[in-house]
Structures are given as C-alpha cells and as structure tokens.
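Report on one structure; see the data block that follows.
In this note's numbering, the protein residues as written are 86 to 290.
Printed below as a string of structure tokens:
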C-alpha cells in the first residue's frame, strides 16, 4: 500500500492546534467565572462549542486518511471524489472493506470489478444513474460492486435525525470493522461511520 505518515500529516498538527486553542478558551472561561458573578461566559461557551465541532471535523479527516491508507492505495482518489460529490450535494454511500469479510452482511447489487477512479466513482452516484441507490463496495483498489444494500442500524434514532444512508452506514459498522463514508444530498456534509458511530469529516467547500 502507498505510504501515508500519520505523524507527519498537517491534519494532525491542525488537531493539536485546535486542542490548544480549546484549552485556552476553557481556561479563560474558568478565570472569568471565578472572578465575579457579572462575568457572563455564555458567549465563551458558544465559541468553545464551535471550536470543538471544528476539531472533531478535522480529526475525522485525519483519522480517515490514516485508516484508509492501510487498506487501499486509492485514499486520495476517494477523498477527491467525496469533495466533488459534497460540493454538488450528490448523495453517496461508500463502503471500504477492511479485515472483516462483508459478503454475508450486505445485499449484493451489481458487479463492477474495476480499478477505482474518481470519475467512475462519481458516475455511479450521479443522479439518474441506475446504480446511484445503495452503496458502493471497495476492496483494496477496486470497486467490487454497486447498488448494494446494507443492514440498517438497530438503534432507533429519536426524531429521525439520520436518513436512510446514515442509518445504513451505522448499521454495517455495528457488525463489522468496515469504514463507511456518507454524503448527505440535503446538506452536502460528509460523515464517516466506524464501530457504530458517525463522525463529521471536514471538506474544502
């Protein structure tokens, strides 16, 4: 696999910078609160929340590249495709197989068996494509199949917070070590599902 040095990634430094900023904001708020009842820290807490959300997003991007690099040489191509789909708000569901075999966990769609390229991956999810519904399965450097259906999450999500793609992404990762990427067609936001949890991914848009 193509080497990717997580320790030298600028994303790691961005996470560290964000955590240092967060630490300073928290210390400032504690100082204000300890030095007079008139010092309202509500604005500080709002800033802390925004900083934390940004750190989570950057950290998601950092760990995504670290995880993908061990299982596919195409991690940069996948990231490029996700950015383009996100910018156009085209919904997508992409499964990257890791150690656990997924054949028994997914309802197989259409065989592809082609080397992954951003153009091919984008074309699958383009509106009107007969394969755009369902998930793409990636194994190492190949698109194995498209229009696959995944097991839905077992947890009932209060207020229907997540759509079908997100529930399917969480569902598969509840039963395997797969990485699942989701692009929301409503917002264009990218999420990473891992171990039954969903994390935001930073985009350049």
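All C-beta atoms in this analysis are idealised placements derived from N, C-alpha and C, irrespective of residue type, glycine included.
It should be emphasised that the depicted structure is a prediction, and the values quoted were computed from it without experimental measurement.
Under the DSSP definition of a beta bridge, which residues are partnered with residue i?
i	result
residue 222	180 and 230
residue 104	Its beta-bridge partners do not exist; DSSP assigns none.
residue 192	234
With a threshold of 7 Å on Cβ separation, who are the neighbours of residue i within its own chain once the five nearest residues in sequence on each side are excluded?
i	result
residue 230	193, 194, 195, 196, 197 and 222
residue 143	96, 99, 100, 103 and 287
residue 199	205, 227 and 228
Can you give me the Cβ contacts of residue i inside the same chain, cut-off strictly under 8 Å, excluding the 5 residues immediately before and after it?
i	result
residue 64	Residue 64 is absent from the structure shown; the chain starts at 86 and stops at 290.
residue 126	114, 117 and 118
residue 187	180, 222, 257, 261 and 263
residue 234	191, 192, 194, 219, 220 and 253
Starting from residue i, follow the beta strand (DSSP E) in both directions and report where the run begins and ends.
i	result
residue 284	282-286
residue 276	275-279
residue 195	195-200
If I follow the unbroken alpha helix (DSSP H) through residue i, where does it start and stop?
i	result
residue 145	127-154
residue 266	Taken as a continuous stretch (DSSP letters only), residue 266 belongs to no alpha helix (DSSP H), being part of the beta strand (DSSP E) at 264-268.
residue 252	249-260
For residue i versus residue j, is the C-beta spacing smaller than 7 Å?
i	j	result
residue 210	residue 181	no
residue 216	residue 232	yes
residue 286	residue 145	yes
residue 148	residue 183	no
residue 255	residue 283	yes
residue 275	residue 265	no
residue 91	residue 128	no
When we look at the beta-carbon of residue i and count the other beta-carbons within 10 Å, is it buried (16 or more) or exposed?
i	result
residue 249	exposed
residue 213	exposed
residue 208	exposed
Please list, in chain order, all residues of the same chain as residue i whose beta carbon is under 6 Å from its beta carbon, the five residues on each side excluded.
i	result
residue 252	237 and 238
residue 153	160
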